[in-house]
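Each remark here refers to the structure printed beneath this line.
Number of protein chains: 2
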Amino acid sequence: MSGDDLDADLADAAAELGEPTPGLRRARAWLSRAVEPGTVDAWRFVDRVGPVEAVRLIRSGRAPARILGLVGARAQTDTSLADLRQAERCGARLLIPEDDEWPAYLLHALTLATAEEPEEPKHQADRTKALVPPLALWVRGPARVDELADRSVAIVGSRAATAYGEHVAGEFGYQLAERGWTVVSGGAYGIDAAAHRGALAADGPTIAVLACGVDRPYPAGNGALLHRIADSGLLVSEWPPGAAPHQHRFLVRNRLIAALTRGTVVVEAAARSGAMATAHRARRLGKQVMAVPGPVTSAMSVGCHELLRGTQDAEAATLVASAAHVLDVVGGIGVDLAEPAERRSDVRDGLSDLARRVLDACPVRTGVAPERLAAIAGCEVLEVLRVLPALELAELVQWTGTGWRLMPAPRARAG
Amino acid sequence: MSGDDLDADLADAAAELGEPTPGLRRARAWLSRAVEPGTVDAWRFVDRVGPVEAVRLIRSGRAPARILGLVGARAQTDTSLADLRQAERCGARLLIPEDDEWPAYLLHALTLATAEEPEEPKHQADRTKALVPPLALWVRGPARVDELADRSVAIVGSRAATAYGEHVAGEFGYQLAERGWTVVSGGAYGIDAAAHRGALAADGPTIAVLACGVDRPYPAGNGALLHRIADSGLLVSEWPPGAAPHQHRFLVRNRLIAALTRGTVVVEAAARSGAMATAHRARRLGKQVMAVPGPVTSAMSVGCHELLRGTQDAEAATLVASAAHVLDVVGGIGVDLAEPAERRSDVRDGLSDLARRVLDACPVRTGVAPERLAAIAGCEVLEVLRVLPALELAELVQWTGTGWRLMPAPRARAG
């Protein structure tokens, strides 16, 4: 970290645009405290002018009035260096979009969702529902976010879970972790804690996405559990060190749980609950939504059964009664299709119509963006994002760093 | 009943072809003991030559060898009159397809399924799986079969049910009966008994379809329950009085439970079980299939969850967590669409593509058979049979006694 002077750091960062310099990191640290996460306007402003210029414009009062209004008095304070140092003290760091480790592919669904929102502020979804990307992520733990999130499943549910729900969440967590999948949840009592514990019991990685600073895990009663997660997995939060778990922040946080994973499993949920909100966000992001059934006499399964029945505007969730069922959904196609290259034509035959169209849309050399694939394949971008992971697992397509293309043909085998 | 001489009765019946004369009834009584139910070849033979001629040909040894083989030594005995008298003694009667009361519309699905079977005997499904219509039904109780079956739902499940399953079956039975729906089940221990009891508790009609004679209800432990059903609802069986409940007969019987109802609800079922067989038969007959979820830790819910997940070759069953959900499925369209005639165009808008095509295929005056509607609408006959009840409930189509036509336009209202 460089000196105490924020402006000097910003000047350094401005000189090396797009590189994850200390100045850039400090700019995003400043923004993470100045701007409440989940604010579409603020994210768009930062996206347009860049984080360094965004900080300068806000601090000098030259940013648009709407943005200045969102930041308010925080524009005049700067605890960015203290925040970064406080993070360091507890073994945490600030991950920014400019880092290699940033889980860009998974979070891209949020970027797209934000792009689909109208520009007018009055039409924008409110902050608790907005599917806006994070400006930065405070991360505590030894693992890399991108690696852990690549094969991950969210297991969410009620805090007031029943013994049945906790049993199932623990079982799923254990079995998914045992098979190399990362269990992502919210660190809360009930289903969340049971899922994390299950993963830890299998010595598997698990991510708790928090609605407060990673240095002060909440709830306190899960302190020991959250410390164990920080030791082997990851605590992740959009809020800077010391941030308090205000109630609305949990709703804002839920979109991240959905976005960071391939799919969301709701184990137990009342009719209206945070877990249901996470499931709806996962659906809107084009991720898989799964639900565990339970007794129809249990209020804690009403939400799950609602998801399984579907509604007019939403496809029904997939019923999962075991971890194997979960893998059928999030990893099944890949595993089934991950056949030797010789059998590639058979693999193609096993694809859905949609997957085949997307595959046909992929160019041979230069990678193209999912938006472009959607235009060529004649489908929604979210649909493209839904099938790409399976095509990638089947080694049919490849991410070039800038876009998607067909996997280069395998070289002829010797002999 | 006429005299003891079967041949004389047959001669009388032959003189009045197609009328439900005592001779015709006696011919079918004879067949119901001579031919084991569920036999496709035998049903086709009777369908082709008529029941009276069928009895004559079999008794005189002039029937095809294959048919004579099926009947064997039973061809030389005749207890038809004794059977009819035994039925009468216990308040039962023999219902035959020539009777007005015969539930022709519901059972037509079986006729169609049999028509789709290949003619060659070696390709025919075995008797426990064959979707063949009954030759006659022994019926015990005060109600009319056609009236009770018109608005009916099957509730089936495991004999070794849990307290949870029995509770749900009883609740569903009670609530469906309370809303004027007939609960159909198999009279067995566990889910069946709970469903029947629930219906009786609401003073509603209920039908137990048995795999033995209606004069000797099985299982004995449910004797009191089955007698209560016979007092207010119906015991129904394809087997003549005194017939024993051989194990394979339960499987043969299951198709009747599926066929006599608009839909089948599986409350609890192990992976391979009679209830699952009933659900599969309901699906093949184009009837609605519903399942109640339960704890994923319960072996008794494994079958239900399988149905809800669906398989490659079968659509997933609908999750039902309440009697209201069941009515959404079997009666919902009708209720929703049963709007005043003025709103008929709106009603049309609410129809599925398929329903609209079938509606468009219906002629204004002369009723036509479902097969004809399927040909015009360009769909499967089973699909036609699936949407006709809803169209009828919505008062859009009408059964003329020989076929389906559009409901005549309502007369202009005075005032």
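Taken in sequence, the protein lines are chains E and H. Just so we're aligned: 621 in our numbering is position 124 of the first sequence, and the numbers increase by one with no gaps anywhere. Just so we're aligned: 848 in our numbering is position 351 of the second sequence, and the numbers increase by one with no gaps anywhere. Each residue gets a CB set at the ideal place from its N, CA and C atoms; glycine is no exception. These figures come from a predicted structure and were not determined experimentally.
Query                                                                                                                   : Result
Chain E contacts from the stretch 645-670 of chain H (Cβ-Cβ distance under 8 Å)                                         : Y661, H664, V665
Partner residues on chain E for H:T794, Cβ-Cβ distance less than 8 Å                                                    : Y661, H664, V665
Cβ shell of H:G720 (< 8 Å), same chain only, five flanking positions each side left out                                 : P714
Entirely enclosed alpha helix (DSSP H) segments - the stretch 608-689 of chain H, minimum 4 residues                    : 642-647, 660-675
Backbone secondary structure at H:I593 - three-state DSSP                                                               : coil
Beta-carbon separation (whole angstroms), E:A633 vs E:S529, contact threshold 8 Å                                       : 5 Å
For H:V817, the three-state DSSP class (helix, strand or coil)                                                          : coil
Beta strand (DSSP E) segment containing E:W901, residue limits                                                          : 901-903
Listed by chain order, chain E residues near H:S819 by CB distance under 8 Å                                            : V793
Through-space distance from E:P548 to E:L567, alpha-carbon basis                                                        : 16 Å
Nearest-angstrom beta carbon gap, H:V764 and H:I688 [assumed within contact, 8 Å]                                       : 5 Å
Under 8 Å from the C-beta of E:H802: neighbouring residues of chain H                                                   : P790, L816, A818
Buried or exposed by the 16-neighbour rule on C-beta atoms within 10 Å, applied to H:A741                               : exposed
Completely contained alpha helix (DSSP H) runs for the stretch 763-807 of chain H, where each covers 4 or more residues : 771-781, 799-806
Supposed contact pair E:Q744 and E:G760 - C-beta distance, whole angstroms, cut 8 Å                                     : That pair is no contact at about 26 Å.
Helix, strand or coil at E:S729 [DSSP, three-state]                                                                     : helix
C-beta contact flag for H:V650 and H:T574 at 9 Å                                                                        : no
CB of E:D504 within 9 Å of CB of E:P519, strictly                                                                       : no
Element boundaries [beta strand (DSSP E), containing H:V894]                                                            : 894-896
For E:T703, the residue or residues it bridges with in DSSP                                                             : E:V680
Between the CA atoms of E:T808 and H:A606 - distance to the nearest angstrom                                            : 30 Å
Residues that E:R806 contacts on chain B, provided the C-beta gap is smaller than 7 Å                                   : Of the protein chains in this structure, namely E and H, none is chain B.
Min CB distance H:V799 to chain E below 9 Å                                                                             : yes
Secondary structure of E:G760, DSSP reduced to three states                                                             : strand
Contact between the stretch 795-802 of chain H and the stretch 664-684 of chain H (3+ Cβ pairs under 8 Å)               : no
Extent of the continuous alpha helix (DSSP H) run through H:A811                                                        : Per DSSP, H:A811 belongs to no alpha helix (DSSP H) and is neither H nor E.
Minimum Cβ-Cβ distance from E:A698 to chain H less than 9 Å                                                             : no
From H:L673, H:C709, H:L707, H:V711, residue whose alpha carbon lies closest to that of H:R694                          : H:L673
Cβ-Cβ separation, E:L591 to E:W635 (assumed contact under 8 Å), whole Å                                                 : 6 Å
Chain H contact for E:A691 (CB, 9 Å cutoff)                                                                             : no
Range covered by the alpha helix (DSSP H) that runs through E:S529                                                      : 519-531
Neighbour flag for H:A776 against chain E, beta carbons, 9 Å                                                            : no
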